[in-house]
Each structure stands twice: as structure tokens, then as C-alpha cells.
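**Student:** Once you know that position 49 of the sequence shown is 876 in the numbering used here, the rest is easy, because the numbers rise by one and skip nothing. Sharing a structure here in C-alpha cells format.
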Amino acid sequence: MCGILAFYKIKNIKGLEKTLFLLKHRGPDDFSTFFSKECTLGHTRLAIIDPENGRQPFFSTDKKITAVYNGEIYNFEEIKKDNNFNSLNSDSDGEIIIPLFKKYGLDFPKYLKGMFSIAIYDGEDLYVARDHLGIKPLYYCHGKDGICFSSEAKCLTRFHSQIEIFPPKTIWSSKHGFHSYMIKAWENKDYISKLEPDYSLIKSTFEKAVIKMLRSDVPIGVFLSGGLDSSLIAAIASANTKKFHTFAIGAPDSTDTYFARLVADHIKSTHHEINFSCEEAFSLYEKIIYHLETYDSAILYAAPAKYILSQYASKYIKVILSGQGADEAFGGYSHFEQEKNDEQRFQNELLEKINTLHFGILQSEDRMSMANSLEARVPFLDEDFLDLVMKIKPKMKFHTNDKIEKYILRHAFKGLLTKEILWRKKEPFGDALGKRWKQYLHKKVDILVTNDDLGNANKKFTDDPPKTKLGYYFRQIYEKHFPHKYMPKITKWTAWSP
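Structure follows, in C-alpha cells:
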């Protein structure tokens, strides 16, 4: 996991190292740059695979092609074998990027299974690509002379140009512009599958997803809430790796720490429990909003817990597995029930949630972990597993009076977890933090933001003015860090709201 910069045909690169330093939290292990007449690349590295030899940028054997990348390519061993890439400079997963690009050109990203943002310069043109769901962040803006790319938007404000989100499953080249390199059949809004769930295949495909995400030369663990999703990951991971850690966070009135402890005892992991302090959580919002680059209350409400958990976990490990994505793929949120009598609407709702993950939970997952130099991996969003799940007949994912949410997933893994965990119903969001957090947050903000403040919000914030005191408080902090008009438009995440 790393941070990258790519400047193409930008004449004034003064202060590049200072700009790259803004990404230091994403890669504290190394700091490197590449300069040519037309292109400048920058990279900060969090060493995960082949820490000694996997330094970036990567170069072709003739030194004509240069690449930097952020992320993990889980099928790099298979790519090496299938394409006879036998003379690579290191065992780093990123070493296969240049030979794959040389072989397949603009189509090279479709062969990568993982999470990534990549920049390649071939001596004439620049090529930039992002993974299938936008698990790894990437932004761009047009400078006075050329175009710039970065892992975080804050690095691009110096160019005084509107910053945009680089779209997922997309490759851009200086010669051909933007185009999608991947379109799945289930992404068509008229698509409805008639396939019944193959429980054995679901089980084996997800197990493979978890196992390949365990590839690492550094210690690894799991965020464990005690719910179904993280518990399945923890159980599979613990059976396939040694010295395995699990991390849970909770408040005194939270049931999650209790259930997480049950799972940890069951799988015999090295378990860590962190007490959630409302006072500490609230004090972190200055840092959190700076790293998240958003004022969206739906994301920010839960962000302190993930930040505290990541901060603690980073003392023990460098890689963490997370259960994000299962609710979107299987229709686990309660509001999906509204669509359960209409298969087409239900399928389209799933598709919309998956296609907007990159500015919702994935943005939070990446930023809160990387703010603490911790790499987060998401097995439920593995390309092969998601492809399988999205081809299941939508009706089979409906919640009914006699069928619990994510029934397919629970049925596929009968026997792996205790019944108490396997059939535990999803609880309303916020329980993991305790009701005390929500009450504390609103009480605190009610003191700090007056009724007059909120009444004048339209004048102070003419663009997308906040409608609640909580939104006002977050917006104030955001504007302090990012007072200019160039930051990407904030697209609100709608899975839930505080």
C-alpha cells in the first residue's frame, strides 16, 4: 500500500517533494521520485511484499518504461506463471505491471485481480488506471500545461484547478483519454439473473478470496465486530495463517465486543479489545476530516471508531482484513426490504450501492487505515466472488418473515461458526459504538453550533449548505482544511445517516 503522484507535461514542478510528503502516512517506509522532460512520478511506500527489494518506481529492463502503483495485486503469482514472466527484479507484486502492460497495452488492467491505482510512463505517453471498484483512491486535475494525478485530493490543490475523482474500472492515457476496461453483464440495468445459489461454490470462492488476501510478508489481522461478515473472514483466515490477530472496539453498552470475544475464543486468535471513548473520538475530528477529505455526516459518524481501531492495530500489524461490502452484495441493509417485491428494482439498488462504494465506505476504510499506515483489504469485494454473487437470482436475497438477511451467505458457511454467531441478526448501525456515542455527539455539537449559526448556513456555505448542526460542525472543520473551491464535489453516501 502506498501513495502515488503523476504529473504529465506540467512545467512547474517546484515543491514536488513537499507535495509528495503529504502522502507520507500512506507509505512511511520509502520515498522516491522519477523525473523526465514530460513526466514526473512520485511514490511513498508501505512495504508489504518483498520489503527489501520491492522499491518503486519499477523500470522495464531497457529502462524505457517506468511505473508507480498503490495497492495489492493478489493474482501476481498466477500472472507470472501464465505469461512466463521469469526475469523480474523482485518478488514484489507490482513487478508484473510493466511486462503485462508491454504485452496487452491498454487492456492490461483487466488481467489484474486486486485493488490498485497505477501510473505508467513509456517515454512518450502516460497511462493511469484504477481498480474495478475504486478500492484504492485516485484523483486528477488539469494544470496550466498538463494533467496531474494523486492518491489524495489534497496534493492537487496547488494547481488551482477543479479536482475530479478518477472513475473505477477505468484507464486513461495521454493519447486516448478515458475508457472503461471492464463491463460485467450484471452491471446492465436491465440484467436479472435466473441462477439459483450454488452454496458450495459460494463457500469455496469466498475462501479463496480470503486466502489470497492473506499473502503478505508482514503480520496480518482482522477487524472483528462479532457480526457475520467479519467473523467469517476471521474464521477462514485463522485456519490458513499463523500468529493471527483480531481487533474489536466497543463502548460499555455495546454487544459487539461480547460477540467478537466469542468468535476470537472459537478461532483461537490473538485478540485485542479497545475501549471506545466518546471524548477521545470527538477530539479526533480535526485529523479525521483532513484525512477523509469530506464533510459527509454519514461517513464521519462512524469514522472515529475505525481511526482508533486502525491506530491501535498498526502497533502490531501492517495488513488488516475488513468485512466491508457484504451488505451491498447481498442486500443486507434494512432499507433493501423496500424493494423486495420487485426483482429489477432490488437488483438495481444493489448495483447502485456497489457502484458508489468508492466515495462511501471504501473511502473511509482506506483513509482511516492509511492515516495510520495500515493496509486494509476487503475480501467480500474480491472480483471473482462479487461476480458470482451478483449473478444470483435477486429474489433469493430478499428478506422475508422466515428468512434472515444474507441468508445465502449464512447457509453457505454452516458449521464454520457457532450458531449464535452464524445466525446473529444484523443490528442497527451505531450499536457497535453504543447509544452513548450518538447522544454524546449530538449533545456536544448542539453546544458548539447555535441555532443562529445553522440559520445562516446558506450565507456562510453557499454551495451545498448543511441542514443539521452536525453537518454544520463537520463543514466548518472541512473548510478550515480545504478553504478553496477546487476540492472534488462531495457526493453524499446514502446507506444510512446519523
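A virtual CB, placed ideally from N, CA and C, is assigned to each residue, including glycine.
1. Starting from the C-beta of H987, find all residues in its chain whose C-beta is less than 7 angstroms away, skip the five residues before and the five after it, and write them out in chain order.
2. Can you check the region 905-966 for any beta strand (DSSP E) of at least 3 residues that lies completely inside it and give the ranges in chain order?
3. Out of S1000, C982, K890, K1030, which one is the CA nearest neighbour of L1215?
4. Using beta-carbon positions only, say whether L915 and E922 come within less than 8 angstroms of one another.
5. State whether the region 990-1010 contacts the region 949-956, with contact taken as three or more CB pairs (one from each stretch) at a distance under 8 angstroms.
6. Going by beta-carbon coordinates alone, are I1060 and V1037 separated by less than 8 angstroms?
7. Could you spell out where the beta strand (DSSP E) holding R1302 opens and where it closes?
8. Reducing DSSP to helix, strand and coil, say where D1025 ends up.
9. What do you reckon, are the CB atoms on A1153 and M1217 nearer than 8 angstroms?
10. Can you tell me whether N839 is buried or exposed, with buried defined as 16 or more other CB within 10 angstroms of its CB?
11. As a quick exercise: from I1235, E1232, E1034, F1301, pick the residue whose alpha carbon is nearest that of L1119.
12. So what does S863 bridge to, in DSSP terms?
13. Residues in its own chain within less than 6 angstroms of K1270 by CB, not counting five upstream and five downstream?
14. Excluding the 5 residues preceding and the 5 following G842 in the sequence, name in chain order all residues of the same chain whose CB lies nearer than 6 angstroms to its CB.
15. If I follow the unbroken beta strand (DSSP E) through A1203, where does it start and stop?
16. Have a look at the DSSP bridge pairing and note the partners of W999.
17. Let me know if R853 comes out buried or exposed under the rule of 16 or more other beta-carbons within 10 Å of its beta-carbon.
18. What residue does the beta strand (DSSP E) around C829 start on, and which one ends it?
19. Give me, in chain order, the residues of the same chain whose beta-carbon lies closer than 8 angstroms to that of H1243; leave out the 5 immediate sequence neighbours on both sides.
20. Beta-carbon separation of I947 and Y1122 under 8 angstroms?
21. In the DSSP output, which residue or residues are listed as bridge partners for H1098?
22. Is the separation between the beta-carbon of I974 and that of P1046 shorter than 8 angstroms?
23. Nearest-angstrom Cα distance between Q1303 and Y1134?
24. Look up P855 in the DSSP assignment and give the residues it is bridged to.
25. Going by DSSP, which residues form a beta bridge with F976?
26. Once the 5 residues before and after Y938 are set aside, which same chain residues still bring their CB inside 7 angstroms of it?
27. Roughly how far, in whole angstroms, is the beta-carbon of N897 from the beta-carbon of G830, given that I think they are within contact range, below 8 angstroms?
28. Answer with yes or no whether the minimum CB distance from I1231 to chain B is below 8 angstroms.
29. Can you tell me which of the three DSSP states G1257 falls into?
30. DSSP on I1317, reduced to helix/strand/coil?
31. What separation, rounded to the nearest whole angstrom, lies between the Cα atoms of K1287 and D1280?
32. Just the Cα atoms here: how many angstroms apart are D856 and L873?
33. Going by DSSP, name the residue or residues bridged to V1049.
34. Going by DSSP, which residues form a beta bridge with I1219?
35. Does the region 1007-1027 come within contact of the region 990-998, defined as at least 3 CB pairs closer than 8 angstroms?
**Tutor:** Let me spell this out:
1. Y1313
2. 941-948, 953-957
3. K1030
4. yes
5. yes
6. yes
7. R1302 -> not in any beta strand (DSSP E); alpha helix (DSSP H) instead, spanning 1296-1308.
8. coil
9. no
10. exposed
11. F1301
12. According to DSSP, S863 bridges with nothing at all.
13. none
14. none
15. 1202-1204
16. V955, F1005
17. buried
18. 829-835
19. The amino acid at residue 1243 is misidentified as His; the sequence shows Leu. Taken in chain order, the residues that qualify are L1059, A1062, I1063, L1249.
20. no
21. T1073
22. no
23. 20 angstroms
24. R872
25. A833, Y967
26. I906, L927, Y931
27. 6 angstroms
28. Absent from the structure: chain B. Only one protein chain is present.
29. In this prediction, G1257 has a pLDDT of 48, which is less than 50 and means its spatial position is unreliable; nothing more can be read from the coordinates.
30. coil
31. 9 angstroms
32. 5 angstroms
33. T1073, L1148
34. L1022
35. yes
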